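Novice: Sequence positions in the sequence shown follow the UniProt record's numbering and run 1 to 428.
Backbone N, C-alpha and C define an ideal beta-carbon position, used for all residues, glycine too.
Here the structure is a predicted model, which means the values were calculated and not measured.
Okay, here's the structure, questions in a sec.
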Amino acid sequence: MKKVSVGLLGFGTVGTGVVRLLTKDKERLEERTGCQIQLEKILVRNKNRARKVLIDNRKLTTDVYEILDNPTINVIIELIGGVDQAYRYILRALKNKKNVITANKDLMASYGEELLLEARANQCDLYYEASVAGGIPILRTLTDSLASDRINKMIGIVNGTTNYILSKMSSEGLSYEKALSSAQRLGFAESDPTSDVEGLDAARKMVILSHLAYSIPVKLADVSIKGITDVTREDIQFAKKLGYTIKLVGVSEVSNGAIDIRVEPTLLPDLHPLASVENENNAIYVHSEALGQTMYYGAGAGEGPTAVSVVSDLISVARNIALNVTGNHIFIPKKELHSRKDSLVESQFFIRMHMKDEPGSFSKLTDLFREQRISLGKLYQEPIPGSDVAEVAIITHITNKVLFENSFAMLKKLDVVVNAKYFRVERG
1 MKKVSVGLLG
11 FGTVGTGVVR
21 LLTKDKERLE
31 ERTGCQIQLE
41 KILVRNKNRA
51 RKVLIDNRKL
61 TTDVYEILDN
71 PTINVIIELI
81 GGVDQAYRYI
91 LRALKNKKNV
101 ITANKDLMAS
111 YGEELLLEAR
121 ANQCDLYYEA
131 SVAGGIPILR
141 TLTDSLASDR
151 INKMIGIVNG
161 TTNYILSKMS
171 SEGLSYEKAL
181 SSAQRLGFAE
191 SDPTSDVEGL
201 DAARKMVILS
211 HLAYSIPVKL
221 ADVSIKGITD
231 VTREDIQFAK
241 KLGYTIKLVG
251 VSEVSNGAID
261 IRVEPTLLPD
271 LHPLASVENE
281 NNAIYVHSEA
291 LGQTMYYGAG
301 AGEGPTAVSV
311 VSDLISVARN
321 IALNVTGNHI
331 FIPKKELHSR
341 KDSLVESQFF
351 IRMHMKDEPG
361 SFSKLTDLFR
371 EQRISLGKLY
381 QEPIPGSDVA
391 EVAIITHITN
401 KVLFENSFAM
411 LKKLDVVVNA
421 KYFRVERG
């Protein structure tokens, strides 16, 4: 039985879950891999800190090079987070011919292609299932289960923080500020939630998904990003009246040799499978040519779900070590796709505005859309009591994105329009 010696970088929430699984399921893991899996060393900041799992203190170290340069360790699990330091550690591990598992989405979105090249050059494995959707095995699904199919679109709720916030705003009528405070109190949001609420976290995950699904190099700069800070409970309520739910979704779509990747608050029809994904859960909805539409749903973060993905990657590495085929699974895409021009993008749009409630105001609105050849699918109008302003919500039919944005700019200049905003609408 071959020995798999593991060095763990980081002993936080996920690291604790990994140690718990390796300790609890040691015999079962050995049966499934044909290898003896041994946790050799764990990098920590403080060796004397109280732990949630029982561990031999001699396994703890504050010196990362006791792990990276240890010739007996052949697998590194990186769970320290961040980019620059993690990049240096993983690069050194790969150069030392050590297989690597990481849950670091920021790192893989920024340096994934470079690290994969380094891994292949050194005949090492580099797995990162936990970097996108916690316990949902979406990366393995894309690379293995759907390898024979052609994927043309993915829609994902891949950030639990924003999904929790929008869920609470929808179900309980909370303001954005109160929903965020609740998320922070429960540990679903950081004290500085910028990366989550501005859509950067979700965008990095869509980069990783797109890279694997379409076998193309994708950068964060290729993603159009808009967060949820401008979404109000009134936006959500009016979307509901028209039969829609607002979610922060990542959309990645390929057609005619061009790719369109975006992360933004989007209206989903209430009957869309993603519309019912609530609170901190994640889900990815995949469109492929042969299989059709499939959805992968589950917990997107947390000790248990993320640790399961990390240890599943460890099982894959151990099997590859046993078969002496490490590094063989790594595929570096050479195909290039260009970003789809806005002039070729078509979509439906949701407009919410305050309009002067006076004779002739509505005809100015409809005249504008008629002149711009944009047809309206749904329309809702409601006077605001005690005011000379009416609330108007509109959903257009499918139209060209550039045409719509130009028309929206003209709409905001109408003398009867007090204010207006819009969101994209995803079809069912």
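(1) Throw me the rounded Cβ distance for the K401 and S347 pair, which I believe falls under 8 Å.
(2) How far does the alpha helix (DSSP H) with S309 in it reach, from first residue to last?
(3) Roughly how many whole angstroms lie between the Cα atoms of L331 and I259?
(4) What residues match up with G156 in a beta bridge as DSSP calls it?
(5) Which same chain residues, not among the five before or five after K205, have their C-beta less than 8 Å away from its C-beta?
(6) Quick one: what's Q38 bridged to in DSSP?
(7) With a floor of 3 residues, list each beta strand (DSSP E) that falls wholly inside the stretch 21 to 70, ordered by position along the chain.
(8) What's the call for M1, buried or exposed, on a 16-neighbour Cβ count within 10 Å?
(9) Which term fits V18, buried or exposed, when burial requires 16 or more other beta carbons within 10 angstroms of its beta carbon?
(10) What first and last residue would you give for the beta strand (DSSP E) that runs through V207?
(11) What's the C-alpha gap between R140 and S171?
(12) When burial is assigned at 16 or more other CB atoms within 10 Å of the CB, is E31 buried or exposed?
(13) Does D192 come out as helix, strand or coil in the three-state DSSP assignment?
(14) What is the C-beta distance between G10 and I80, in whole angstroms, given that I count them as a contact (C-beta under 8 Å)?
(15) Compare the beta carbon distance of H354 and V311 with 8 Å and say whether it is the shorter of the two.
(16) On the criterion of 16 or more Cβ atoms from any shown chain inside 10 Å, does Y65 qualify as buried, or is it exposed?
(17) Which word fits N256, buried or exposed, when buried means at least 16 other C-beta atoms lie within 10 angstroms of its C-beta?
(18) Would the stretch 230 to 247 count as touching the stretch 382 to 402 if we require 3 or more Cβ pairs under 8 Å?
(19) Put V425 into one of helix, strand or coil per three-state DSSP.
(20) Beta-carbon separation of E426 and L180 under 8 Å?
(21) Considering only residues of the same chain and omitting the five flanking positions on each side of P217, which have a CB-CB separation below 8 Å?
(22) Decide if K52 is buried, meaning its Cβ has at least 16 other Cβ atoms within 10 Å, or exposed.
(23) Roughly how many whole angstroms lie between the Cα atoms of V325 and I77?
(24) Ignore the nearest five residues each way along the sequence and tell me which others in A93's own chain have a CB closer than 7 Å to its CB.
(25) Here's the rule: buried if 16 or more other CB atoms are within 10 angstroms of the residue's CB, otherwise exposed. What is A202?
(26) Would you kindly work out how many angstroms separate the C-alpha atoms of T23 and L344, rounded to a whole number?
(27) Starting from K401, follow the alpha helix (DSSP H) in both directions and report where the run begins and ends.
(28) For K226, write down the residues that DSSP places opposite it in a beta bridge.
(29) Taking the DSSP output, what are the residues bridged to Y89?
(30) Touching or not, the stretch 363 to 376 and the stretch 275 to 291, by the rule of three or more beta carbon pairs under 8 Å?
(31) With DSSP collapsed to three states, give me the class of T294.
(32) Suppose you measure from the CA of K247 to the CA of R424; what does that come to, to the nearest Å?
(33) Looking at C-beta atoms only, is the number of pairs between the stretch 274 to 283 and the stretch 220 to 233 that lie closer than 8 Å three or more?
(34) Just reading off the beta strand (DSSP E) that V75 is part of, what are its end residues?
(35) What does the alpha-carbon distance come out to for the pair D415 and F404?
(36) If you run the structure through DSSP and keep just helix, strand and coil, what is V345?
Specialist: So, from the data block:
(1) 6 Å
(2) 303 to 323
(3) The residue asked about is misnamed: residue 331 is Phe in this sequence, not Leu. Whole-angstrom Cα-Cα distance: 20 Å.
(4) G250, I284
(5) K105, A109, S131, V132, A133, G156, V158, N159, G250
(6) S5
(7) 35 to 43
(8) exposed
(9) buried
(10) From DSSP, V207 is part of no beta strand (DSSP E) but of the alpha helix (DSSP H) over 200 to 214.
(11) 33 Å
(12) exposed
(13) coil
(14) 4 Å
(15) no
(16) exposed
(17) exposed
(18) yes
(19) strand
(20) no
(21) E113, H211, P333, E336
(22) exposed
(23) 19 Å
(24) L68, I76, V100
(25) buried
(26) 54 Å
(27) 401 to 412
(28) DSSP, once it has assigned bridges, lists no residue as partnering K226.
(29) DSSP lists no partner for Y89.
(30) no
(31) strand
(32) 11 Å
(33) no
(34) 75 to 78
(35) 19 Å
(36) coil
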